[in-house]
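Engineer:
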Amino acid sequence: MTYGDPITAPFWEAAARRRLLIQRCRDCGVHQFYPRPFCLKCQSELVEWVEAAGTATIYSLTTVRVAVSPEFHPPYRVAVVQLDEGPRMLTNIIGGECRIGERVRVQWKERPDAPPLPVFEPVVTEPGPP
Ligand code: ZN
18 MTYGDPITAP FWEAAARRRL LIQRCRDCGV HQFYPRPFCL KCQSELVEWV EAAGTATIYS
78 LTTVRVAVSP EFHPPYRVAV VQLDEGPRML TNIIGGECRI GERVRVQWKE RPDAPPLPVF
138 EPVVTEPGPP
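If you read the sequence shown in the working numbering, its first letter stands for residue 18, the second for the next number, and so on.
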């Protein structure tokens with residue numbers, strides 16, 4: 018069974034294996050998300066799927082306190098994160114406290130009738146040696 022449409026199906030097939038895929042243009046090298054049938058920068062149709070590192074920086078962040086979907090129970094945090102490859106992704110933040118500009122990494126939120134959803138959690142940096 019495939020999930021999504023022909024453009025997004027590869028993303029969801031990878032998500033089922035907890036791999037975060039984004040598109041990369043074979044002509045100009047730019048990464049993009051969401052998936053599209055062509056490169057937003059140079060219009061090339063030679064876009065391929067590559068695995069993202071799964072690390073990102075929080076670009077914007079808000080806490081939702083009103084229920085807008087039965088799938089999400091407030092309060093929860095909605096963020097735009099900038100992947101290390103460049104594209105920004107609308108997502109949820111799980112785990113501990115965090116602020117704009119902090120580092121996050123991808124985790125996968127299980128769903129009953131769909132592939133897991135990529136969410137992000139703060140990267141806990143261990144204090145280095147003195
Ligand atoms: Zn391009």
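Every residue, glycine too, gets a C-beta built ideally from N, C-alpha and C.
(1) Looking only at its chain, what residues have a beta carbon closer than 6 Å to the beta carbon of Cys45, apart from the 5 residues adjacent to it on each side?
(2) To the nearest angstrom, how far is it from the Cα of Asp130 to the Cα of Glu88?
(3) Can you say whether Glu102 is buried or exposed, counting buried as having 16 or more other CB atoms within 10 angstroms of its CB?
(4) At 3 residues or longer, and completely inside the stretch 46-133: list those beta strand (DSSP E) runs for me, N to C.
(5) Please report the residue range of the alpha helix (DSSP H) in which Pro27 lies.
(6) Quick one: Cα of Leu100 to Cα of Pro147, how far?
(7) For a test of the three-state rule: what should DSSP assign to Glu138, helix, strand or coil?
(8) Applying the 10 Å Cβ sphere with the 16-neighbour rule, what's the burial state of Val85?
(9) For the beta strand (DSSP E) containing Leu37, name the first residue and the last one.
(10) Whose CA, out of Glu127, Arg105, Cys42 and Pro27, lies closest to the CA of Pro78?
(11) What I want to know is whether the C-beta of Lys126 ends up closer than 7 Å to one or more non-hydrogen atoms of the ligand ZN.
(12) Rounded to whole angstroms, what's the CA-CA distance from Arg34 to Val83? Just pull it up for me.
(13) Check each candidate in Arg116, Glu114 and Ala96 and name the one with the smallest Cα separation from Leu107.
Structural biologist: Straight from the coordinates:
(1) Closer than 6 Å at the Cβ level, and outside the excluded window around Cys45, lie Lys58 and Cys59.
(2) Asp130 and Glu88: Cα-Cα distance of roughly 11 Å.
(3) Label assigned to Glu102: buried.
(4) Runs of the beta strand (DSSP E) inside the stretch 46-133: 64-68, 72-81, 93-100, 105-110 and 120-128.
(5) Per DSSP, Pro27 belongs to the alpha helix (DSSP H) from Ala26 to Ala32.
(6) Between the C-alpha atoms of Leu100 and Pro147 there is a straight-line separation of about 31 Å.
(7) Glu138: strand per DSSP, three-state reduction.
(8) That one is exposed.
(9) Leu37 -> no beta strand (DSSP E), and no H or E assigned at all.
(10) Strictly speaking, residue 78 in this sequence is Leu, with Pro absent from that position. For the residues Glu127, Arg105, Cys42 and Pro27, the minimum Cα distance to Leu78 belongs to Arg105.
(11) The answer is no for Lys126.
(12) Their Cα atoms are separated by approximately 32 Å.
(13) That would be Ala96, whose Cα lies nearest to the Cα of Leu107.
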